[in-house]
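Note that our numbering has the sequence shown beginning at 2, numbered continuously upward. Contents: one structure, followed by commentary.
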Amino acid sequence: MLFRGNAMSDKFDDIVTNWRLMIPIILTATGLVVAIKFGIEYTLLTWDHITTEDAQVKATKIQVSPEVSGRLRALYVDEGTSVKRGDLLAEIDPTIYQAEVDQVRAMLEGVLYQLEAAQQELTLAAERYRGELEQAQALLYRRRAEVDEAEAALAFERARVRHLIAERRAALEMARARAEESQAGLGKAQRELEQAQALFAAGVLAHDRLEAAEVAHAQANARHEQAVQQVRQAAAHFATASASDKLVQMRSQRVEALRAEVRKEEANVQLAWMNLAATQFKEREIDRLEAQKRGLEARLTAAELQLARTRVVSPLDGIVILKKAEVGEWLERGQPLVVLADPADLWVVTNIRESEIAGVQVGNKARIWADAYPEIRLDGEVVSVGAAALSELAEAKPSEFFTKIEQRIPVKIALRERNHGLKAGMMVWVGIERHRPKRPERP
2 MLFRGNAMSD KFDDIVTNWR LMIPIILTAT GLVVAIKFGI EYTLLTWDHI
52 TTEDAQVKAT KIQVSPEVSG RLRALYVDEG TSVKRGDLLA EIDPTIYQAE
102 VDQVRAMLEG VLYQLEAAQQ ELTLAAERYR GELEQAQALL YRRRAEVDEA
152 EAALAFERAR VRHLIAERRA ALEMARARAE ESQAGLGKAQ RELEQAQALF
202 AAGVLAHDRL EAAEVAHAQA NARHEQAVQQ VRQAAAHFAT ASASDKLVQM
252 RSQRVEALRA EVRKEEANVQ LAWMNLAATQ FKEREIDRLE AQKRGLEARL
302 TAAELQLART RVVSPLDGIV ILKKAEVGEW LERGQPLVVL ADPADLWVVT
352 NIRESEIAGV QVGNKARIWA DAYPEIRLDG EVVSVGAAAL SELAEAKPSE
402 FFTKIEQRIP VKIALRERNH GLKAGMMVWV GIERHRPKRP ERP
């Protein structure tokens, strides 16, 4: 039993010893197989692809700067912070900008108050002066009508009185002529009566002839008294007619008074027109206030815009990759504050040797590997080929020796996948499908 146990122990030791010898062999063989596999794959890849490790992941970068100058009051993000479009990144001290807004708003309110008062005053003044003008014009028309009526009445009365005076003067003159004629007849009858009385006393003339002379004298005396009475009546009528001429003078004075009233109302109308025209100056004042209002509104809009610009917001969805200012610093307008990168907009820029650039064209497929994710292969496509080399030989002094340096051309590759995990700035390995132009057929 003891011998048997020793034999089994020796056999187990041999097996262990043999496996120890086999492990390096197996590992070497496995590594050789893997190396051969990768070598074959690399050979096949390099045969059909242009490969390079000179490639880097790029992203859209935006340098965010404040649009107004001021002291940085608050910074709400740090490097690595994810932000959305419109998120508040920082705030500039708004004190001076708020003061400007308050000042301009107060000035605008003052102008609006003046404008409202001027418009109300213009409305009231225009209505008042328009009413005064209409009233003055109506009174002027009435006064002119009264003057026309009074002048017509005066002309009629003047003509009537003149005709009446002329008629009464003619009647007076006729009565006086008759009185003179009757006076002459009375004197003749008196002389005949005296002669008849003398002849009757002498007994020469008969009594009946004396009586006839007495009757003739009495008749002549009666006619004379009647003529004298007619003269008195005609004189009285003439005096009455002359008194009517004074009434004409009074009517004439009334007409002159009405004409003076007309001139007064004409002056009132002219004054009302001047007052109404003076409202144009108030309209000009309103126009000036309107222009001042528009200017202040524009200033207020600009001041409010400046105040709003004290809040710095993100222009896109991205990540803060660099912070260039700290709270408390004075920032000038346009001075960099933070740098944002858009992780959704990534591409790869690789630099291809000029000896291989002929095999790269827009549209060529590409493969990308990253050291961070060795198990993942990403697909891409060439979207642009640089028009010039990255650098040129620096100017040097003329020399008899010259060293040629192969240049590199930048090539941009777009990534097809979105959720690939790449970060801006990563170095990657790129293989671009080689473009092989067709050879021209022989004639």
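Ideal Cβ positions, reconstructed from N, Cα and C, are used throughout, including at glycine. Source: prediction; values computed, not measured.
* **Other residues of its chain near valine 363: CB distance less than 6 Å, five sequence neighbours each side excluded** => Val383
* **alanine 190: first and last residue of the uninterrupted alpha helix (DSSP H) it sits in** => 96–202
* With DSSP run on the structure shown, which of helix, strand or coil describes glutamate 305? -> helix
* Is methionine 427 helix, strand or coil when you go by DSSP? -> coil
* What are the start and end residues of the beta strand (DSSP E) that includes tyrosine 374? -> 374–386
* To do: Could you tell me which of Glu135, Leu301, Ala178 and Lys283 sits nearest to alanine 100, measuring between CA atoms?
  => Leu301
* Can you check whether the CB of leucine 347 is closer than 8 Å to the CB of valine 58? -> yes
* Report all residues from its chain with a CB closer than 8 Å to the CB of isoleucine 377; omit the five preceding and five following residues, and keep chain order. => Trp370, Ala371, His421 and Gly422
* Rounded straight-line distance, which links the Cα of glycine 71 to that of tyrosine 98 -> Distance between the alpha carbons of tyrosine 98 and glycine 71 is about 10 Å.
* What's the call for glutamine 104, buried or exposed, on a 16-neighbour Cβ count within 10 Å? -> Exposed: under 16 other Cβ atoms inside 10 Å.
* To do: In angstroms with no decimal places, state the Cα-to-Cα distance between glycine 204 and alanine 214.
  => 15 Å
* To do: Can you tell me which of the three DSSP states glutamine 220 falls into?
  => helix
* What beta strand (DSSP E) runs, 3 residues minimum, are completely inside the stretch 44–98? -> 50–65, 71–76 and 89–93
* Asked: Are the CB atoms of isoleucine 93 and leucine 332 nearer to each other than 8 Å?
  -> yes
* Asked: Which residues in the same chain as glycine 432 place their Cβ atom closer than 6 Å to its Cβ, once the five residues preceding and following it in sequence are excluded?
  -> Result list for glycine 432: Leu46, His50, Thr52 and Arg368, in chain order.
* Asked: Based on Cα-Cα distance, which residue from Gln234, Val350, Gln231 and Ala359 lies nearest to leucine 416?
  -> Ranking Gln234, Val350, Gln231 and Ala359 by Cα distance to leucine 416 puts Val350 first.
* Euclidean distance between Cα positions of alanine 292 and alanine 107 -> Answer to the nearest angstrom: the Cα atoms are 17 Å apart.
* Taking the CB atoms as reference points, tell me whether leucine 116 and glutamate 266 lie closer together than 8 Å. => no
* State buried or exposed for tyrosine 130, treating a residue as buried only when at least 16 other CB atoms are found within 10 Å of its CB. => Tyrosine 130 counts as buried, since at least 16 other C-beta atoms from the protein chains shown sit within 10 angstroms of its C-beta.
* Local conformation of leucine 259 per DSSP, three classes -> helix
* Under 7 Å Cβ to Cβ from leucine 297, same chain only, skipping five residues before and after it: list those, please. => Val105, Met108, Leu109 and Val112
* Where leucine 261 and glutamine 136 are concerned, what is the direct C-alpha to C-alpha distance, given to the nearest angstrom? -> At residue 261 the sequence reads alanine, which differs from the leucine that was named. Cα to Cα, the separation comes out at about 18 Å.
* alanine 312 by DSSP, collapsed to three states: which one? -> Reading off the sequence shown, one finds arginine at residue 312, where the question assumed alanine. If DSSP states are grouped into helix, strand and coil, arginine 312 belongs with the strands.
* To do: Select from Ser66, Asn222, Pro95 and Pro411 the residue whose C-alpha is nearest the C-alpha of leucine 306.
  => Pro95
* Asked: Since alanine 60 and proline 344 are thought to touch, with beta carbons under 8 Å apart, how far apart are those beta carbons, to the nearest angstrom?
  -> Going by Cβ atoms, the distance from alanine 60 to proline 344 rounds to 7 Å, so yes, they are a contact pair.
* Would you call the CB atoms of arginine 255 and alanine 151 closer than 8 Å? -> Their beta carbons are under 8 Å apart, which means arginine 255 touches alanine 151 by this criterion.
* Taking Cβ positions only, does leucine 290 come closer than 8 Å to chain D? -> You won't find chain D in this structure, because it holds only one protein chain.
* Asked: By the 10 Å Cβ neighbour count, where 16 or more other Cβ atoms means buried, how is phenylalanine 282 classified, buried or exposed?
  -> Counting C-beta atoms within 10 angstroms of its own C-beta, phenylalanine 282 has fewer than 16 neighbours from the protein chains shown and is therefore classed as exposed.
* What are the partner residues of isoleucine 287, as DSSP defines its beta bridges? -> Per DSSP, none; premise fails for isoleucine 287.
* To do: Take threonine 241 and list the residues in its own chain whose beta-carbon comes closer than 7 Å to its own, dropping the five residues that flank it on each side.
  => none
* Asked: When the Cα atoms are used, what is the spatial distance from serine 253 to leucine 173?
  -> 27 Å
* **Beta-carbon proximity list for leucine 394, same chain, < 8 Å, skipping 5 on both sides** => Residue placement at leucine 394 is poorly supported in this model, since its pLDDT is 41, which falls under 50; the coordinates still yield a value, given next. Within the same chain, leucine 394 has close Cβ partners Ile406.
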